[in-house]
Amino acid sequence: MTAGLLDDLTLDGLTVHTRRWEPATATTDADPVLLVHGLGANTVSWTTVGQAIADRRGTAVTAIDLAGFGYTRSTGTEATVERNARLVIAALERFGPSVVMGNSMGGAITVKVAGRRADLVRSMVLVNPAVRPAWVRSPQTRNGLFMFPMLVPPLGERLVAGRAAQLGPETLVDQTLQLVLEQPDALPATVRDGLVKVATDRMEFPEAARAYADAAGSLFWYMTRNLDRDLRAALPQVPGLMVFGERDRLVDVSSARALASRHPDLDVAYLDGLGHAPHLEAPTRYVDTVDTWLSGR
Numbered sequence: 005m006t007a008g009l010l011d012d013l014t015l016d017g018l019t020v021h022t023r024r025w026e027p028a029t030a031t032t033d034a035d036p037v038l039l040v041h042g043l044g045a046n047t048v049s050w051t052t053v054g055q056a057i058a059d060r061r062g063t064a065v066t067a068i069d070l071a072g073f074g075y076t077r078s079t080g081t082e083a084t085v086e087r088n089a090r091l092v093i094a095a096l097e098r099f100g101p102s103v104v105m106g107n108s109m110g111g112a113i114t115v116k117v118a119g120r121r122a123d124l125v126r127s128m129v130l131v132n133p134a135v136r137p138a139w140v141r142s143p144q145t146r147n148g149l150f151m152f153p154m155l156v157p158p159l160g161e162r163l164v165a166g167r168a169a170q171l172g173p174e175t176l177v178d179q180t181l182q183l184v185l186e187q188p189d190a191l192p193a194t195v196r197d198g199l200v201k202v203a204t205d206r207m208e209f210p211e212a213a214r215a216y217a218d219a220a221g222s223l224f225w226y227m228t229r230n231l232d233r234d235l236r237a238a239l240p241q242v243p244g245l246m247v248f249g250e251r252d253r254l255v256d257v258s259s260a261r262a263l264a265s266r267h268p269d270l271d272v273a274y275l276d277g278l279g280h281a282p283h284l285e286a287p288t289r290y291v292d293t294v295d296t297w298l299s300g301r
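Mapped onto this note's numbering, the consecutive letters of the sequence shown carry residue numbers 5 to 301.
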């Protein structure tokens, strides 16, 4: 595991924080890979797999901090799904057509981008994507109740800011990891420390709470209203794989199975014993899964 090379790029009018890994041996015909994190996450969440993907695929791999997350400031702009879809499109226009891998909210954004600009997405890997609950009383609905205040941005902003101030960055990160990982102890300490550092730095960003609320609220509306439409538009042109940790507490596996049944062209790999971020807790298993699928395309 390596941290990657850090850089700031100007994309779509924003200074975007990126993390890049180069392969030990480059393959001339390999497509670059773009990694898109989930709600509340940042490029650190891809450090468990970035170098391994680069070496396995023989290509450059880049992770970006979305607008309003990590070190990409959202002052004077939005942090919505729509805004960040435009940012991802700008990144793809810079790097060239790529394999796009997105986790959670990043998976939903990947679908939106592929539905709009299939010419820029060689293939898409949706890692426990944020999708609508399969049924009203599913565990996903109960566990996602915290998202409902985000539908009223000022209320959501106060809730997020208050929780961050009350818990502090270390406890906030640890509680999040307990929620999204089935095996939090499997996470390397260096990754946990990196996430804590970003969370600590972001305590100084006055727009951070509003960015989270904007993103969460827009994600709810997108995944319940338009995600299926965009996935349907993308799949005839863009090959897709959904990698899904079956022990996910945020997006119930029933929701993933329902999505797969609605979109039979979407390939699926269910990973038993893993939670909402399988690339964090089982990086080798994740890389093996996506590399096998990509090699078979």
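All C-beta atoms in this analysis are idealised placements derived from N, C-alpha and C, irrespective of residue type, glycine included.
Element boundaries [alpha helix (DSSP H), containing residue i]
i, result
"Pro118", "This sequence places Ala at residue 118; Pro is not what is there. That run of the alpha helix (DSSP H) goes 109-120."
"Trp50", "From DSSP, Trp50 is part of no alpha helix (DSSP H); its letter is neither H nor E."
"Ala28", "Premise fails: Ala28 is in no alpha helix (DSSP H) and is neither H nor E."
"Asp16", "That residue, Asp16, is in no alpha helix (DSSP H); it is neither H nor E in DSSP."
"Gly8", "From DSSP, Gly8 is part of no alpha helix (DSSP H); its letter is neither H nor E."
"Gly54", "54-61"
Proximity winner among the options, relative to residue i (alpha-carbon distances)
i, options, result
"Val117", "Ala237, Pro210, Thr51, Ala220", "Ala237"
"Gln187", "Asp33, Pro210, Val37, Pro282", "Pro282"
"Leu239", "Pro158, Thr175, Ala122, Val131", "Ala122"
"Met109", "Thr51, Asp269, Thr14, Ala217", "Ala217"
"Thr79", "Ala212, Arg301, Leu275, Val247", "Ala212"
"Leu185", "Asp276, Arg136, Met5, Ser299", "Asp276"
"Ala193", "Asp59, Thr51, His280", "Thr51"
"Asp292", "His280, Gly279, Ala273", "Ala273"
"Arg289", "Arg261, Gly249, Ala264", "Gly249"
"Leu159", "Ala220, Phe99, Thr175, Pro173", "Ala220"
"Asp271", "Thr296, Glu97, Leu245", "Leu245"
"Gly17", "Ala45, Leu70, Pro287, Leu10", "Leu70"
"Trp25", "Val40, Ala262, Thr6", "Thr6"
"Leu124", "Ala89, Gly44, Val135", "Ala89"
"Val40", "Thr19, Thr66, Leu15, Ala34", "Thr66"
"Pro36", "Gly72, Lys201, Val164, Arg126", "Arg126"
"Asp33", "Leu9, Asp256, Gly62, Ser49", "Gly62"
"Leu9", "Ile68, Arg261, Asp269", "Ile68"
"Gly172", "Glu161, Pro157, Glu208, Glu97", "Glu208"
"Leu181", "Asp252, Arg301, Arg233, Ala112", "Asp252"
"Met107", "Thr296, His280, Ala286", "The amino acid at residue 107 is misidentified as Met; the sequence shows Asn. The shortest Cα separation from Asn107 among Thr296, His280, Ala286 belongs to His280."
Opening and closing residue of the beta strand (DSSP E) in which residue i lies
i, result
"Met128", "125-131"
Bridge partners - residue i, DSSP secondary structure assignment
i, result
"Ala67", "Arg23, Leu39"
"Val103", "Val37, Ser127"
"Thr76", "Phe73"
Cβ-heavy atom distance, residue i to the ligand ADP, below 6 Å
i, result
"Gly160", "Among the components modelled here there is no ligand, and therefore nothing to report on the ligand ADP."
is_contact[residue i, chain D] using C-beta, thresh 7 Å
i, result
"Asp252", "Although the question refers to chain D, the structure presented lacks it and comprises just one protein chain."
Problem - Those runs of the alpha helix (DSSP H) which lie wholly inside the stretch 253-294 and span at least 4 residues - result: 257-266, 282-285
Problem - Any 3 or more C-beta pairs closer than 8 Å across the stretch 14-29 and the stretch 102-121 - result: no
Practice task
Return the chain-ordered ranges of every beta strand (DSSP E) run that is complete within the stretch 170-255 and spans a minimum of 3 residues.
Solution key: 244-249
Exercise for the section: Decide yes or no for the touch test of the stretch 191-201 against the stretch 214-233: beta carbon pairs closer than 8 Å, at least 3 of them. Expected result: no
Practice task
Pair every Cβ in the stretch 79-94 with every Cβ in the stretch 53-67, then say whether three or more of these pairs are closer than 8 Å.
Solution key: no
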